[in-house]
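J.:
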Ligand code: 3YP
Ligand code: ZN
């Protein structure tokens with residue numbers, strides 16, 4: 002089945018300037034200057050492959066627009082917004098944790114990123130397209146109400162969701178985050194919100210090291226609607242697909258959202274410099290297929306992907322294309338050259354120690370059924 006798929010990309014996303022670093026560290030002394038892992042390359046090369054593969058001809062391009070300060074204020078503090086704005090008007094600076102550099106004009110590009118997620122989600126909710134992918138930069142899933150964190154200035158996904166809510170376009174939303182790092186931003190923002198289900202699949206204690214544990218389940222009316230799946234390092238396609246089948250599927254069927262938003266990070270890739278996981282482009286394709294199937298089941302196919310991390314400039318484009326091919330239902334003639342090195346690798350298979358953790362998460366997803374019934378939500 003082919004579908005109409007919205008696609009957001011803007012050249013200004015590549016102009017977000019993370020400066021001179023050695024990966025994540027500051028250059029200087031014996032640290033030779035290089036670029037930041039979060040450089041334009043990964044995303045710009047993904048956008049290039051979308052063009053060169055020809056898939057662009059089958060996508061519905063959607064132009065992003067900057068969200069306003071009012072939009073940001075639904076999620077962030079006035080102090081945080083003013084701080085980013087002031088730094089952006091001078092030489093740039095850091096988002097708040099020492100790991101979130103940005104250059105002059107970074108405030109506007111970050112608003113264009115949140116706006117990219119917003120226009121993609123709006124197009125899906127209005128039925129202009131069946132589904133959508135927002136290839137935005139900077140990412141958003143670590144940003145918290147009062148500070149930027151881990152390359153993220155503003156919480157793109159929550160800012161988009163809250164604007165849709167303010168416009169009466171959506172009520173119940175599920176966020177599924179498969180970036181290798183914990184989706185601490187959405188967890189914090191929606192901690193007490195019973196109308197937003199937040200699920201994060203990530204490498205156990207990678208970043209932030211002190212969050213993303215199984216026992217973080219939300220509070221008050223939002224108890225039960227936050228589910229963490231902290232997979233052991235080394236998990237591959239088998240583990241991730243099992244998480245979708247055993248945890249995400251069960252939670253989504255119970256929660257019945259109006260819209261699924263995916264925080265799409267390709268840093269679980271087997272060759273990512275920041276993650277220690279082993280997912281191939283076929284693993285990402287399989288996750289996308291399952292997520293689309295679940296969207297068909299619970300919310301008439303309404304699903305939007307918002308790009309987060311992914312730091313292999315050479316592998317990210319193939320992982321991203323596999324997801325976009327799934328969204329459109331069109332297979333291009335592109336093959337991922339990295340697949341050969343993983344085809345027979347045991348790292349792709351589900352192991353017993355991964356299954357133990359997934360079973361614990363699956364219990365939390367099953368518990369959601371009782372919690373929702375008991376509270377009448
Ligand atoms: C590792 C240290 C600073 C940023 C962090 C990774 C950010 C990321 O990809 N989050 O999804
Ligand atoms: Zn990440």
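Numbering (my numbering), first residue to last: 2 to 378.
Note that beta-carbon positions come from the ideal geometry of N, C-alpha and C, so glycine has one too.
Since we're looking at a predicted model, the values are computed, not measured.
(1) Taking 8 Å as the cut-off, is the CB of residue 309 close to at least one heavy atom of the ligand ZN?
(2) Just reading off the alpha helix (DSSP H) that residue 117 is part of, what are its end residues?
(3) Which value, in whole angstroms, describes the spacing of the CA atoms of residue 58 and residue 327?
(4) For residue 324, verify whether its CB is less than 8 Å away from any heavy atom of the ligand HEM.
(5) By DSSP, does residue 32 sit in helix, in strand, or in coil?
(6) Check the DSSP bridge columns for residue 204 and list the partner residues they point to.
(7) Whole angstroms are fine: how far does the CA of residue 321 sit from the CA of residue 224?
(8) Spell out the partners DSSP gives residue 147 in its beta bridges.
(9) With 16 other CB atoms within 10 Å as the buried threshold, where does residue 360 fall?
(10) Who are the near neighbours of residue 284 in its chain, counting only those whose CB is closer than 6 Å to its CB and skipping five residues on each side?
(11) Does DSSP classify residue 307 as helix, strand or coil?
(12) Under the rule that 16 or more other beta-carbon atoms within 10 Å means buried, what is residue 346, buried or exposed?
(13) Check each candidate in 194, 202, 135 and name the one with the smallest Cα separation from residue 7.
(14) Going by the CB atoms, is the gap between residue 226 and residue 56 shorter than 9 Å?
(15) Between the region 256 to 275 and the region 304 to 317, can you find at least three pairs of beta-carbon atoms closer than 8 Å?
(16) Which residues in the same chain as residue 299 place their Cβ atom closer than 7 Å to its Cβ, once the five residues preceding and following it in sequence are excluded?
T.: Inspection of the coordinates gives the following:
(1) Yes - the ligand ZN has a heavy atom lying nearer than 8 Å to the Cβ of residue 309.
(2) Here the alpha helix (DSSP H) through residue 117 covers 107 to 126.
(3) 15 Å
(4) The ligand HEM is absent from the structure shown, which contains only the ligand 3YP and the ligand ZN.
(5) strand
(6) DSSP lists 232 as partners of residue 204.
(7) Rounded to whole angstroms, the gap between the alpha carbons of residue 224 and residue 321 is 33 Å.
(8) Paired residue(s): none; residue 147 is not in a bridge.
(9) exposed
(10) Taken in chain order, the residues that qualify are 238, 241.
(11) strand
(12) It is exposed - the Cβ of residue 346 has fewer than 16 other Cβ atoms within 10 Å.
(13) That would be 135, whose Cα lies nearest to the Cα of residue 7.
(14) no
(15) yes
(16) 253, 254, 257, 258
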